[in-house]
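> In my numbering, the protein residues as written are 22 to 261. Here you go, one structure.
Below, the structure written as structure tokens:
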């Protein structure tokens, strides 16, 4: 339905065909489930019949060309998903070339219109990809920053800040639900001796090995448990 709205309202100079194809790509790019790709066949056919119903049979060539290009966009995007941005951009551009080539060969579009439409599509596609790359980088950086704020970078356990925030919340929740909880505190014996004898780099390795064992054994026992590094060689495990 959004395709038809754009078809009716977009200024001709912006080439609604380009914007519709790029809007479809944008939707596919951020779709997380594979089944979304195959389900798009139905709305694409809806657009085809909607175009014919609204604008008559004289638009049947355009409708067939556009829907064929849309289906090609679905296939190429599916094949290129989770790969490099360059391949995604190249796939998007190839759909534009396919669409405008058919327009030139089948729909009697003039060569100047072909050059204008394809050039505009490539420019819009490139601009869209620049936005996607920056947005993706910003999103990943935000997720990483949130993770670093909650987890100890060396041991991959939750840090003291997370412990302070979550321990009180868990105690309150346990009291409200009247359920038992358990918290275990432990440290590494003679850890200072390890640092003094073998150096702090070796001590860091010991911390990592201990943290991995704690995480693995704790999660085998209770997948909902949380392991914290409280400071230095001290760790805490919260069971609910």
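Heads up, the beta-carbon is just placed ideally off N, CA and C, and yes, glycines get one too. All values reported here derive from a predicted model rather than from experimental measurement.
Could you tell me the distance, in whole angstroms, from the CA atom of residue 182 to the CA atom of residue 188?
One C-alpha to the other measures close to 10 Å.
> To the nearest whole angstrom, what separates the beta carbons of residue 209 and residue 233, a pair I think is in contact under 8 Å?
The Cβ separation is near 13 Å, so there is no contact.
> Starting from residue 19 and walking both ways along the beta strand (DSSP E), at which residues does that stretch end?
The chain is shown from 22 up to 261; residue 19 falls before or after that span and cannot be answered.
> Does the Cβ-Cβ distance between residue 204 and residue 251 come in under 8 Å?
Going by C-beta atoms, residue 204 is not nearer than 8 Å to residue 251.
> Quick check: what's the CA-CA separation for residue 168 versus residue 240?
Roughly 19 Å separates the two Cα atoms.
> Nearest to residue 173 by alpha carbon, out of 135, 247, 91?
Checked all of 135, 247, 91; the closest Cα to residue 173 is 247.
> Would you list the one or two residues that DSSP bridges to residue 208?
255.
> Under the assumption that residue 117 contacts residue 147 (Cβ atoms under 8 Å), give the Cβ distance between them as a whole number of angstroms.
Not quite, the Cβ-Cβ distance comes to about 11 Å (not below 8 Å), so this is no contact.
> By the 10 Å Cβ neighbour count, where 16 or more other Cβ atoms means buried, how is residue 108 classified, buried or exposed?
Classification for residue 108: exposed.
> I think residue 163 touches residue 228, with their Cβ atoms under 8 Å apart; what is that distance to the nearest whole Å?
No, residue 163 and residue 228 are not in contact; Cβ-Cβ is about 28 Å, not under 8 Å.
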